[in-house]
Amino acid sequence: MSTIESAGSPVSRVRKIMPSRNIADEPNAHAPMGVEGAAGRGPEKMNDEGLQPAIEIENFDAFYGDYQALHRVTLRIPERRVTAFIGPSGCGKSTLLRWINRMNDVVATARAEGKLRVGDIDVLSRSTNVVDLRRNVGIVFQKPTPFPKSIYDNVAYGPRLHFKINAAELDNLVEWSLKKAALWDEVKNRLHQSAHGLSGGQQQRLCIARAIAVGPKILLMDEPCSALDPASTARVEDLIFELREQFTIVIVTHNMHQAARVSDRTAFFYQGHIVEEGVTDQVFTKPKQKQTEDYVTGKFG
Amino acid sequence: MAEAQLKKAYDGQWIPSYRLKSAVASQRWQGFVVAMLIVCSTITLATTVGIIVMLVTNSIGFFSSDKVELSKFLTDTQWTLGQSQGEIHYGILPLLSGTFRITAIAMLIAIPFGLITAVYLSEYASRRTRSILKPALEILAGVPTVVLGYVAIVFITPYFLQSLDDGFKAFNAASAGIAVGVLCLPLVTSLAEDALQAVPKTLREGALGLGSTKFETTMKVVLPAALSGIVSAFLLALARAIGETMVVALAAGSSPTFSLDPRLQSQTMTGYIVNTFQSDTVVPGSIAYHSVYAVAVVLFLITLMLTLLGQWVRRRYQEVYQ
Amino acid sequence: MQDHVQTKRDRSRRWFDSGFSITCLLIASLVVVILVCLISGILWQGAPWLRPSFLWNAHHENQPNESGIGQAIIGSGMVCLICGMFALPIGIGTAIFLEEFRPRNRWLKWFHNLVQLNISNLAGVPSIVYGILGVTAFVYMFGVFGKIQTDRPSDYEIGIHYMYQIKTIGGDYVTFPCEDKFQTLYSVDRPLMVTNAKGETFELNVLPKGASRPSDDGLRSRSVFAGKNASITSQKEFYHMQLPFHKSALAAGLTLALVILPIVIIASQEALRAVPNSLREAAFGMGATRWQVVRGTVIPSATPGIMTGAILAMSRAIGEAAPVLAVMGGVLSSTLGLTNLMDSTPTLPVTIYRWAQDDNRAFEGLSAAAIIVLLLFLLVMNSAAVLIRYRAEKNKG
Ligand SMILES: Nc1ncnc2c1ncn2[C@@H]1O[C@H](COP(=O)(O)OP(=O)(O)OP(=O)(O)O)[C@@H](O)[C@H]1O
Ligand SMILES: [Mg+2]
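Residue numbers (the numbering used here), protein chains in the order written: chain A, 1 to 301; chain B, 1001 to 1322; chain C, 2001 to 2397.
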């Protein structure tokens, strides 16, 4: 359990809402998820059976030039849940994530085959409107990437790009987004100052606010906390947990503890394959595969 | 009212949804912009094509004249076009020798001084000396060449050269050469310094760790490692010196001489071109006018070859350490 | 014993080492010495001539005391303005194409590489070659618009009115309209409607040859003898344009634009390359098109760098003499000054060059004074560049 123990335990609202997520002393760790959910977890953890998949991936291969980064990946990501991608470095987590909203178009050598659907959009199809796709599938990167503009303009960037929106509506939307991203109280008096003046954690929440301001259905997050200190990490985790009521969230993380805390489902990647995928607690406590167990218990990776 | 709306939105599962801008329109606009950018890029290609077409067609105009033969152009040791007296000679050798004299003197100054300055800046200089030397070099590099030409005729020739030796003419190769050397010095320094800085620190530290002095490290390790970059700096400076116009037009005089004596007037290829265009006596379409293009072909080929060679050498050293 | 030799050699090595570093320092300081000598020499020569009237007077042949750089400053300004108006947008556009729009299409890729390769070679072409190009492509336009002729009006021109001018017996000049601009002389043999300098229009009184001169002043100023030649003159509007451009400020400006184009492109490319990729990805992730990314995110971030490069390129243009000399010839003054883009005009570097060559040695001092003015312009521009760079770094840090 060394990975989990060493991951630190931020003071977090998530932990208050959720019973301890430390697997070692999970009381009914071996209970099936459905039962657990019924056993008083409330709305936080839900049975996923029967939910509409927000993202469907089937026999998906991804390449960088001749190098194959993903092999025959098949995965269904449910709506309004947090799905975590875990796995050792270089196993293709970011690659899959970046294909979901075609960020890999930017990489000249990247190409992919197979089926990848977001709602009713066929992502890989040539005729897909990438602008529409990305408006529906927002992304947050590892390093906070605020634009060198004011806080307000950062959040207004997307709406201005996509919406026919007047100034008053835009003001409201910016406020809504910043509130959703739990940043409003900290920045409401300095909306027109440079976003670079914010702390790293605030910048990351600003990036989340910016992403949700265009009303995406899905939020992709590539290691959103790995450049942040523990306190900021806790705040971002809280935020993710709250956003899942409204958005489908896919998060890549190297922090087992974080995956366990914030995600409903987990997919374990290894060398370009999805080795195991399932309800988070099951993956962490009763992994079906030896590799998964080794990884989540910190024997390698 | 907005407040209430917002509250409702925040409490509920509201998701931003406004009327969308047309994605097709922005795609079309992008297409238009890209087309414009491609047109911009084409202009640089058109420049090259223009230079080549102009040089080729007009020098054909020169050599196809029945008074002109290619072999004489390459071997005759006299050039009288533009002098407007007597029989015409159009051997490029005197112009080449003028260019050669001035370039040689310039390189004799720019290469050693430029290289040593680069070595000093890269290996020895403290922050403070750097903060004086670097701006000085930048300013010197930014001085218009016509200013250096002025300095050559007003100061270098009368106060320096003619006090050394009476044989120096009022216009001579040496003063132009010195001024061109000063002009090339910052170029050599900055390119050579780049090459020296590209040498990895570990190489230096290794040599110093083995007990070499700084001088030995510089000479035996750093300079050899940066050699191709330094050579490329020399080549580019050489091309610059050969193409330099204003200094030679002012200081080197307007009569071509086939000689190696730096005290004589020595019109260069560039000097001839600019003098011809400047004078009102040369009519477009005449032999003298066409001869400009023949000279320009030679000048263009030499500088192009040096530039290509310099880039090739430079790319090789960049491959080594990157 | 061996130890002793070793340390002795060692010591001499150390001595040699520090000797070398001192020699290097001395040689490196030569740059500063040269710069100081150059500037003080020029100040010494030029300062006595720097008077206010020097700044606005035109050049006067053989009258150094009356001469100045007024026309040259205006000319340099106009030529550089034209140069900047063409070189900066085209150069920055090319840089954006090269850095931000890396194509996937095979033909475009090929084009892309060709442009990139071409630019680094263009940067090494001597500026006088651009001057020749300017003469060929702009002054004469490859002879496309007719044979190269200097004293013949262009077939393709706007903003110019031709008329004939004739001197009356009274000594006044009167003008009348011209039908054929290629006919330079017109022999007056019958009465015509003419206009005099006061704007009065009347019929010209044509006296037969050999008639006696009228005694009345008013009549004299309205009469000519038959057979007297009227010569063609023209009046140009400020928007006068012609093809080819002839030896004009426009041709010179365009030529300079070609000279600095590679510099602008290379500097802008560097500025664009310095924009972190994460910023681009963030904007793409928001669903921006490539152009929206470039316009909204990349260009604002690269602006200080691009501006610095642009200023440095412009300061190259303002000091460049050879191409201007080739294109416009060594003009020192024009009677009317610069009234339209088709006029040729003196510029600062060309004036410096011509004055330095003048037989009248007093012009050497004037030349130095002009150099001081030119260097001051350059100083201002470079300080602006330094300031922009400094402010950009402060904003970032
Ligand atoms: N732009 C690229 N060009 C070529 N190969 C790439 C590129 N990006 C990633 N790869 C390769 O694809 C494989 C998967 O990379 P990916 O970034 O998806 O890994 P990851 O699981 O996100 O790793 P990490 O946890 O370190 O972020 C790696 O082997 C990597 O080297
Ligand atoms: Mg990754």
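Just so it is clear, CB atoms sit at the ideal spot from N, CA and C, and this is done for glycine as well.
All values derive from a computational prediction rather than experimental measurement.
Applying the criterion that 16 or more other CB atoms from any shown protein chain within 10 Å of the CB defines a buried residue, is residue i buried or exposed?
i, result
"M2342 (chain C)", "buried"
"E36 (chain A)", "Because the pLDDT at E36 (chain A) is just 35, under 50, the model does not fix this residue reliably, and the value given afterwards should be weighed accordingly. Flag for E36 (chain A) reads buried."
"V2036 (chain C)", "exposed"
"L1020 (chain B)", "exposed"
"E1193 (chain B)", "buried"
"D153 (chain A)", "buried"
"L133 (chain A)", "buried"
"K1169 (chain B)", "buried"
"Q2357 (chain C)", "buried"
"M1001 (chain B)", "Since pLDDT at M1001 (chain B) reaches only 44, below the 50 mark, its modelled position is unreliable, and no value is offered."
"Q2242 (chain C)", "buried"
"K180 (chain A)", "buried"
"V2224 (chain C)", "buried"
"A2047 (chain C)", "exposed"
"L2387 (chain C)", "exposed"
"H2246 (chain C)", "buried"
"I4 (chain A)", "Only weak support exists for where I4 (chain A) lies, its pLDDT of 38 falling under 50; the coordinates are left without a value."
"G40 (chain A)", "With a pLDDT of only 33 at G40 (chain A), under the threshold of 50, the placement of this residue in the model should not be trusted, and no figure is reported."
"I1060 (chain B)", "exposed"
"W2056 (chain C)", "exposed"
"G2171 (chain C)", "exposed"
"L1074 (chain B)", "exposed"
"S2127 (chain C)", "buried"
"R2011 (chain C)", "exposed"
"H192 (chain A)", "exposed"
"E276 (chain A)", "buried"
Sort the options by Cα distance to residue i and report the nearest one.
i, options, result
"G119 (chain A)", "A:I55, A:L170, A:V155", "A:I55"
"V131 (chain A)", "A:S125, A:D122, A:N101", "A:N101"
"L2122 (chain C)", "B:R1314, B:L1304, B:V1313, B:R1315", "B:L1304"
"R2009 (chain C)", "B:L1264, B:T1213, B:V1034, B:G1271", "B:T1213"
"V1146 (chain B)", "C:L2030, C:V2350, C:A2362", "C:V2350"
"K2181 (chain C)", "C:F2363, C:G2084, C:H2161", "C:H2161"
"V2294 (chain C)", "C:S2029, C:N2062, C:A2095, C:P2052", "C:A2095"
"R261 (chain A)", "A:T109, A:K115, A:V123, A:V82", "A:V82"
"L2081 (chain C)", "C:A2369, C:S2367, C:D2359, C:T2347", "C:T2347"
"S226 (chain A)", "A:N255, A:Q203, A:I208", "A:N255"
"D222 (chain A)", "A:A84, A:A108, A:E79", "A:A84"
"G90 (chain A)", "A:I77, A:Q68, A:V107", "A:Q68"
"L2332 (chain C)", "C:T2339, C:S2315, C:R2354", "C:R2354"
"L1081 (chain B)", "B:Y1159, B:R1314, B:G1310, B:I1287", "B:I1287"
"L1250 (chain B)", "B:D1280, B:A1152, B:I1109, B:Y1090", "B:A1152"
Based on the DSSP secondary-structure assignment, which residues constitute the bridge partners of residue i?
i, result
"T248 (chain A)", "A:I218"
"K2167 (chain C)", "C:Y2173"
"H162 (chain A)", "Bridge partners of H162 (chain A): none, in fact."
"Y270 (chain A)", "A:H273"
"Y67 (chain A)", "A:Y64"
"M2241 (chain C)", "C:I2158"
"M2193 (chain C)", "C:E2203"
"P2208 (chain C)", "None; P2208 (chain C) has no bridge partner."
Let me check you understand the geometry: is the CB of residue i closer than 6 Å to at least one non-hydrogen atom of ligand 3?
i, result
"L2256 (chain C)", "Because ligand 3 does not appear in the structure shown, any question about it cannot be addressed here, the ligands present being ligand 1 and ligand 2."
Beta-carbon of residue i versus every beta-carbon of chain E: anything under 7 Å?
i, result
"M2307 (chain C)", "Within the model displayed, chain E is absent; protein chains A, B and C are what it includes."
What residues come near ligand 1, if near means a beta carbon less than 5 Å from any of its heavy atoms?
A:Y64, A:A69, A:S89, A:G90, A:C91, A:G92, A:K93, A:S94, A:T95, A:V107
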